[in-house]
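In mature numbering (1 follows the signal peptide of the UniProt record, and there is no 0), the protein residues as written are -21 to -1, 1 to 86.
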């Protein structure tokens, strides 16, 4: 394989991987427009279902070394509360360093 062909293949693979990193909400929120929030340097796209019962915060920034799960959950909860104006139901927060899901307690 020639060097230029190898470079082309590698660049193509990197572009494909970058496309995989795009955030997409759960099926039930696919029509929701994301609300962008930044909490202490973490950038989130927050999606809310039409009934305002559930929300998802997708962290879109890369940090190395990765932050703790606890820290990201805290930041995601803040982003969800800011974006929705709702509280998070007791025991209704779960997730990891990439996607935080919450059950909402809206007035």
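Even for Gly, the Cβ is constructed at its ideal location relative to N, Cα and C.
Looking at the DSSP output, residue 84 sits in a beta bridge with 66.
A direct Cα-Cα distance of roughly 10 Å separates residue 16 from residue 38. A residue is called buried when at least 16 other Cβ atoms come within 10 angstroms of its Cβ; residue 18 meets this threshold and is buried. Secondary structure note for residue 35: its beta strand (DSSP E) is the uninterrupted segment 33 to 38. Sorting 34, 4 and 22 by C-alpha distance to the C-alpha of residue 71 places 34 at the top. Counting along the chain, residue 23 sits inside the beta strand (DSSP E) bounded by residues 21 to 27. Remark: C-beta atoms of residue 54 and residue 75 do not approach each other more closely than 7 Å.
DSSP places residue 79 in the strand class (E or B) of the three-state scheme.
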